[in-house]
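Asker:
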Amino acid sequence: MSPSDNNLGLYVHIPFCHRRCHFCAFYLEIARPDPMARFHSALIQEITLHRRQDSLNGRALQSIYFGGGTPTSLPADQLAGLLTLIRATWPTSPTTEITVEAHPTSVTERDLTVLADAGFNRISFGAESMTDKDFASIGRFGQVQDTAAAVQAAHRAGFKNINLDLMYGLPGQLLQDWIHTLESLMTLTPSHISCYALTIEEGTRLAQDIARNLVLPPDDMLQLDMESAAEHFLAEAGFSRYEISNYAKPDYACRHNLLYWTGGEYLGLGPSAQSYLHGIRFGNVADLEAYTACLNDNHLPMTDRTILSASERQRDALVFGLRLLRGVPRKTIQAAERDYQIDELVAKGLLDADRDRVRLTSLGRRYADTVAEQLF
Ligand code: SF4
């Protein structure tokens, strides 16, 4: 898909958390005042350098996404100031989706009001589960009641678009625990829910505990049952599944993530943030000290730069596009001999295809990457 003016986003990576969850392999730093102050100054400098270079050619942003880490580790006034600077630097429109990720324990009612008043119109809470037992098993800070209180406060602050991130297949989690989580969340009236199967990443505390036989690894069959339970439960509650892990009330699909899945362009700011602009993929250095040193020296902190070939762009369009329930246009799969491959995958029950589009079946969604590779 060729990028268009309407398909441009900005991602801001805030790399701080108060402590690391046992399953988490993201690049992050423990939140402390000095590094956070240095990061804040460096981020302003990064925005300034991009403005001088006119990196986005004056184009309007369709979405702005503050992710992490835990963006709300930074004071709400600082996040508000950063958003004001971004909006003074790049054009936005009244429909620009502006998201901030938050940990339920890291925001007060006042913080949420400051964020909403600054223009954030979507908030994404890392809820993970609605049982305290699960929090303990993944080293998650806080309690279930913190999530409920934070979401209710977000409603009062004026947020209409509220996402809750959930994980399933957690150590010791039973199917009825997962259903309890889904039922409990409905009372909080979110507009969007993301459900991720727990995966074990190398180097995490959870991977070490599994290797030492202290914790059992996730049970694939149980995770599939949990995925089916979520799909049925959320459909009954009025949520449409529009991507493998994402469910939304009508008109609340996440525009920022859709941009990733439909070949849109994005500029990433902050350490480890990735960008894709003008057919080139590039990333920032994943180290706070190196990031701030570069910017103090008036250089953008980029580490790698890859010009994608037409074939790589086509492959990405297929791998990401097939994650969407609506699938991809059949013409995305260009070679004539692919018709045979499509027929074979349809016969195996992995794919649905008509004259115009190709999409994964529920069985195919379990093997999304493998199916995409076979079609490429
Ligand atoms: S809050 Fe999120 S980013 Fe931070 S350690 Fe936990 S999972 Fe990782």
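For what it's worth, my numbering labels the leading residue of the sequence shown as 964, then goes sequentially. All C-beta atoms in this analysis are idealised placements derived from N, C-alpha and C, irrespective of residue type, glycine included.
In terms of residue numbering, what span does the beta strand (DSSP E) encompassing Glu1060 cover?
Answerer: Element bounds for Glu1060: 1060–1065.
Asker: Can you name, in chain order, every residue of its own chain whose Cβ lies under 7 Å from the Cβ of Asn1084, other than the five neighbours on each side?
Answerer: Here the set comprises Glu1060, Ile1061, Asn1124.
Asker: By a C-beta neighbour count over all protein chains shown, 10 Å radius and 16 as the cutoff for buried, is Thr1162 buried or exposed?
Answerer: When all chains shown are included, Thr1162 counts as exposed.
Asker: Roughly how many whole angstroms lie between the Cα atoms of Asp1182 and Gly1132?
Answerer: Roughly 7 Å separates the two Cα atoms.
Asker: Between which residues of its own chain and Ser1341 is the CB-CB distance below 6 Å, once the five residues before and five after are set aside?
Answerer: Residue 1341 is absent from the model: the chain starts at 964 and stops at 1339.
Asker: Among residues of its own chain, excluding the 5 on either side of Arg1301, which ones have a beta-carbon nearer than 8 Å to its beta-carbon?
Answerer: Hits under 8 Å: Leu1338.
Asker: Determine whether the beta carbon atoms of Val1063 and Phe1088 lie at a separation below 7 Å.
Answerer: For Val1063 and Phe1088, no; Cβs fall outside 7 Å.
Asker: Flag Cys1158 as yes when its Cβ comes closer than 6 Å to any non-hydrogen atom of the ligand SF4, and as no otherwise.
Answerer: The answer is no for Cys1158.
Asker: Considering only heavy atoms of the ligand SF4, does any lie closer than 6 Å to the CB of Arg995?
Answerer: Result no, Cβ not under 6 Å from the ligand SF4.
Asker: Taking the alpha carbon of Leu971 as the reference point, which residue from Gly1226, Leu1313, Gly1312 has its own alpha carbon closest?
Answerer: Looking at the Cα atoms, Gly1226 is the closest of the given residues.
Asker: Could you tell me the alpha carbon to alpha carbon distance between Ile1173 and Ile1305, rounded to whole angstroms?
Answerer: Approximately 39 Å between the Cα atoms of the pair.
Asker: With a Cβ-Cβ cutoff of 7 Å, do Ile1010 and Leu1048 count as a contact?
Answerer: Yes, they are a contact pair.
Asker: Leu1326: buried (16+ other C-beta within 10 angstroms of its C-beta) or exposed?
Answerer: Result: exposed.
Asker: Ignore the nearest five residues each way along the sequence and tell me which others in Tyr1205's own chain have a CB closer than 8 Å to its CB.
Answerer: Answer for Tyr1205: Ala1211, Ala1216, Leu1287, Leu1288, Arg1289, listed in chain order.
Asker: CB of Phe1002 to nearest heavy atom of the ligand SF4: below 6 Å?
Answerer: Not under cutoff, so the answer is no.
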